[in-house]
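Position 283 (the sequence shown) corresponds to 283 in the UniProt record's numbering; numbering is contiguous. Backbone N, C-alpha and C define an ideal beta-carbon position, used for all residues, glycine too. From a predicted model like this one, the values you see are computed outputs, not experimental measurements.
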Amino acid sequence: YPWAWPRVGPAVRLAAAAVNGRPDLLPGYTLRWVFGSSEDRHGVCSEMAAPLAAVDLRLAHHPAALLGPGRVHWRLPLVTAGAEAHGFDDKREEFGLTTRAGPSHRKLGELGVQLHRRFNWTRRALLVYWDEKLDDRPYFFAAEGLYVQLPTLRNLSVMDVVFRDKGNYSFIIQEIKQKGRIIYVCCAPDTLRELMLEAWREGLTRGDYAFFYIDIFGASLQGSRFPEPQRPWKRGDRDDAGARQAFEAVTIITYKEPENPEYRPFLARLKEEALTHFNYTMKDGLVGRGAGM
Numbered sequence: 001y002p003w004a005w006p007r008v009g010p011a012v013r014l015a016a017a018a019v020n021g022r023p024d025l026l027p028g029y030t031l032r033w034v035f036g037s038s039e040d041r042h043g044v045c046s047e048m049a050a051p052l053a054a055v056d057l058r059l060a061h062h063p064a065a066l067l068g069p070g071r072v073h074w075r076l077p078l079v080t081a082g083a084e085a086h087g088f089d090d091k092r093e094e095f096g097l098t099t100r101a102g103p104s105h106r107k108l109g110e111l112g113v114q115l116h117r118r119f120n121w122t123r124r125a126l127l128v129y130w131d132e133k134l135d136d137r138p139y140f141f142a143a144e145g146l147y148v149q150l151p152t153l154r155n156l157s158v159m160d161v162v163f164r165d166k167g168n169y170s171f172i173i174q175e176i177k178q179k180g181r182i183i184y185v186c187c188a189p190d191t192l193r194e195l196m197l198e199a200w201r202e203g204l205t206r207g208d209y210a211f212f213y214i215d216i217f218g219a220s221l222q223g224s225r226f227p228e229p230q231r232p233w234k235r236g237d238r239d240d241a242g243a244r245q246a247f248e249a250v251t252i253i254t255y256k257e258p259e260n261p262e263y264r265p266f267l268a269r270l271k272e273e274a275l276t277h278f279n280y281t282m283k284d285g286l287v288g289r290g291a292g293m
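Structure, rendered in structure tokens:
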């Protein structure tokens with residue numbers, strides 16, 4: 001998963017070394033880090049394990065700050081690459097000391113607002129998303145940013161519809177026809193392809209509807225060599241031709257890679273650190289790189 005220790009740990013090591021190599025940053029102090037696992041027995045970040053690990057670290061080491069998932073008490077600063085949800089924007093109380101180093105769904109919602117203003121889309125928007133309610137609900141929370149921010153546009157009606165387990169594509173198409181012209185879709189790449197094929201068969205991809213696919217880490221675009229994109233519609237099956245036409249109506253919104261000159265050398269050091277100290281081969285792509293950022 002994106003914030004697993006083999007992905008994040010190399011960046012933590014590099015950051016600590018950089019701080020300790022600058023005596024002017026923390027005069028008289030040395031930055032030291034201690035690792036506590038927040039994974040369960042299945043190797044997945046756990047809402048149960050993370051608070052217990054934080055308590056153990058608090059009692060044993062009295063940290064000045066914490067780096068990791070979840071919410072933290074004791075008035076300790078928390079730096080996290082997670083906490084994307086809109087609710088973490090409220091800095092008045094428990095999240096006042098939380099600093100996010102990753103994407104924010106509020107900013108995604110603000111991007112949607114700017115799109116509507118730019119193209120004068122003032123009537124209706126529809127959010128279509130997957131939500132199993134069994135995991136950390138990434139698609140729900142991505143859609144939430146848009147759901148909260150888009151209504152700040154006066155007179156814009158924002159509706160939502162949820163994918164079901166067995167694929168309620170026909171129902172969703174009818175909802176799009178009745179309730180949307182601008183459609184934001186948050187789901188897995190294969191689910192998007194099935195929806196767009198259905199939309200193509202129903203004639204919704206000829207310019208009357210605009211589809212925006214929310215793909216934070218560019219999963220639908222990652223080819224064998226990132227950033228060389230794969231064709232997000234292509235699966236090597238009989239539906240490729242129709243999917244290609246359907247995807248002409250889709251704009252993919254994804255996390256933007258930094259373009260500053262320091263970025264590529266940093267990535268090279270990050271990969272070397274991961275391989276040397278964590279025995280982990282960091283693959284190209286926004287998931288691995290986002291963890292390091």
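Residue i and residue j look like a contact to me (Cβ under 8 angstroms); what is the Cβ gap, rounded to whole Å?
{"i": "aspartate 40", "j": "alanine 49", "result": "5 angstroms"}
{"i": "alanine 249", "j": "threonine 205", "result": "4 angstroms"}
{"i": "phenylalanine 212", "j": "tyrosine 184", "result": "5 angstroms"}
{"i": "glutamine 245", "j": "tryptophan 200", "result": "6 angstroms"}
{"i": "histidine 86", "j": "arginine 100", "result": "Between arginine 100 and histidine 86 the Cβ distance is about 12 angstroms, and since that is not below 8 angstroms, they are no contact."}
{"i": "glycine 198", "j": "serine 170", "result": "In the sequence as presented, glycine is not what sits at residue 198; that position holds glutamate. Right, their Cβ atoms sit about 7 angstroms apart."}
{"i": "leucine 66", "j": "threonine 122", "result": "Not really, about 44 angstroms apart at Cβ, beyond 8 angstroms."}
Can you tell me which residues form a DSSP beta bridge with residue i?
{"i": "threonine 99", "result": "Val79"}
{"i": "glutamate 39", "result": "Cys45"}
{"i": "valine 250", "result": "Phe211"}
{"i": "valine 158", "result": "Ala125"}
{"i": "valine 185", "result": "Val128, Tyr213"}
Keeping to the same chain, check which residues put their C-beta closer than 7 angstroms to that of residue i; ignore five residues upstream and five downstream.
{"i": "tryptophan 3", "result": "Cys45, Pro69, Ala81, Gly82, Ala291"}
{"i": "alanine 53", "result": "Gly36, Ser37, Ser38"}
{"i": "tryptophan 33", "result": "Val12, Ala16"}
{"i": "asparagine 20", "result": "Thr30, Leu31"}
{"i": "threonine 98", "result": "Leu78, Thr80, Ala83, Phe88"}
Helix, strand or coil, according to DSSP, for residue i in the structure here?
{"i": "valine 34", "result": "coil"}
{"i": "phenylalanine 211", "result": "strand"}
{"i": "residue 300", "result": "It is not possible to answer for residue 300, since the shown part of the chain is limited to 1 through 293."}
{"i": "tyrosine 147", "result": "helix"}
{"i": "leucine 67", "result": "strand"}
{"i": "proline 227", "result": "A caution first: proline 227 carries a pLDDT of 48, below 50, which makes its placement in the model unreliable, though a value can still be read off. In this structure, proline 227 counts as coil in the three-state DSSP scheme."}
{"i": "leucine 25", "result": "coil"}
{"i": "tryptophan 200", "result": "helix"}
{"i": "threonine 152", "result": "helix"}
{"i": "serine 170", "result": "helix"}
{"i": "glutamate 110", "result": "helix"}
{"i": "lysine 256", "result": "coil"}
{"i": "lysine 271", "result": "helix"}
{"i": "phenylalanine 88", "result": "helix"}
{"i": "threonine 281", "result": "coil"}
Leaving out the 5 sequence neighbours to the left and right, which residues in its chain are closer than 6 angstroms to residue i when beta-carbon positions are compared?
{"i": "glycine 207", "result": "none"}
{"i": "valine 161", "result": "Val128, Ile172, Glu175"}
{"i": "serine 220", "result": "Pro189, Pro232"}
{"i": "glutamate 259", "result": "none"}
{"i": "lysine 234", "result": "Asp240"}
{"i": "leucine 108", "result": "Gly145"}
Could you name the residues of the same chain whose beta carbon sits closer than 8 angstroms to that of residue i, not counting the 5 residues immediately before and after it, in chain order?
{"i": "arginine 137", "result": "Asp131"}
{"i": "residue 294", "result": "Outside the modelled stretch of the chain, which goes from 1 to 293, sits residue 294, for which no answer is possible."}
{"i": "histidine 61", "result": "Val34"}
{"i": "proline 103", "result": "Glu84, Ile216, Tyr255, Gly290"}
{"i": "methionine 196", "result": "Thr205, Phe211, Trp233, Ala243, Ala246, Phe247, Ala249, Val250"}
Subject >> At least three beta-carbon pairs within less than 8 angstroms, the region 169 to 180 to the region 142 to 154 >> reply: no
Original post:
Does the region 273 to 284 touch the region 233 to 240, meaning 3 or more C-beta pairs lie closer than 8 angstroms?
Top reply: no
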